[in-house]
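Following: one structure in structure tokens, then a few remarks.
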Amino acid sequence: MRSTSPRGCVRGFGGGFLLAASVYDLLVAHGLHTTVWPTVTVLLVGLAAVL
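Take 2 as the starting number for the sequence shown in our numbering and just add one per residue.
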């Protein structure tokens, strides 16, 4: 069993924050009654680049 390092915790928190921000962005786009697919495309490409 490996111990959790502070660097791993920060990395996990950062990844979780990016995913949560993406979900929030999708909810805002859906709430504005706009087409969600351009937002989904941009978020998928951006998350793939960052993560």
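C-beta atoms are modelled at their ideal positions from N, C-alpha and C, and glycine is treated no differently.
Linking Trp38 to Gly17 through their CA atoms gives a straight-line distance of about 22 Å. The three-state secondary structure of Ser23, taken from DSSP, is helix. Spanning the alpha carbons of Ser23 and Leu45 requires a straight line of approximately 9 Å. For Val37, the three-state secondary structure derived from DSSP is coil.
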